Amino acid sequence: MNTVPSPVPQAVETDMYQQPGHLIRRAQQVHNWLWTTDVSNEVTSTQFAVLSAIASTPHIDQNSLSRQVSLDTSTVGDVVNRLLERGYVVRSRDPDDRRRNVLTLTEEGDRLHAVISVAASRMTERLVESLSEQDRDDLVRILQTLVEAGEALRNTAEGGGRR
Numbered sequence: 002m003n004t005v006p007s008p009v010p011q012a013v014e015t016d017m018y019q020q021p022g023h024l025i026r027r028a029q030q031v032h033n034w035l036w037t038t039d040v041s042n043e044v045t046s047t048q049f050a051v052l053s054a055i056a057s058t059p060h061i062d063q064n065s066l067s068r069q070v071s072l073d074t075s076t077v078g079d080v081v082n083r084l085l086e087r088g089y090v091v092r093s094r095d096p097d098d099r100r101r102n103v104l105t106l107t108e109e110g111d112r113l114h115a116v117i118s119v120a121a122s123r124m125t126e127r128l129v130e131s132l133s134e135q136d137r138d139d140l141v142r143i144l145q146t147l148v149e150a151g152e153a154l155r156n157t158a159e160g161g162g163r164r
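Its first residue numbered 2, the sequence shown is counted upward by one per residue in this note's numbering.
Given below as structure tokens:
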């Protein structure tokens, strides 16, 4: 078999500190460091998102929880199981639909959520303290736009609309 080698494309000079993906990853590293320093080294920010969703929507089912916190169902299942084991969440049958399990915070889960929410709020303030109020608003708006556009791309690709 005689094949013609593909030409190697010319490399593009890249300044990583002008690349949004690299900067997003670095910002996540800063966030993770601040989280473990200022908030908790036992409860992750993902676990806090799940606790917050359950706190705001008591008796939520796991599928709805998964959608609310934008995590796949297996990841939510793992997080919920850890929170169940630690006594922060209880799972019970939905009295209106016995086929459905719902999640609620325990008294200890409520207490933990309250403590972590205060620390997380302070940590977020520390994370963005170098930004003006307008820049903070712009940052959140831009990140929301990126996430929504990325989710739309993924949904199109998974739906077979793009190959």
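Beta carbons: idealized from backbone N, C-alpha and C, even for Gly.
Note that the coordinates shown come from a computational prediction; the quantities given were computed from them, not determined experimentally.
Check	Outcome
By how many angstroms is the C-alpha of leucine 144 removed from the C-alpha of valine 80?	24 Å
Please report the straight-line C-alpha distance between aspartate 156 and aspartate 95, rounded to a whole angstrom.	For clarity, residue 156 is asparagine in the given sequence; the question names aspartate instead. Between asparagine 156 and aspartate 95, the C-alpha separation is close to 30 Å.
Can you look up aspartate 73 in the DSSP assignment and give me helix, strand or coil?	coil
Can you tell me whether asparagine 42 is helix, strand or coil according to DSSP?	coil
Excluding the 5 residues flanking arginine 164 on each side, which residues of the same chain have their C-beta closer than 6 Å to its C-beta?	With a pLDDT of 41 at arginine 164, under the threshold of 50, the modelled position of that residue is not reliable, and no figure is offered here.
By Cβ distance, which residues of its chain are closer than 7 Å to glutamate 109, with the 5 residues on each side in sequence left out?	Gly88, Tyr89
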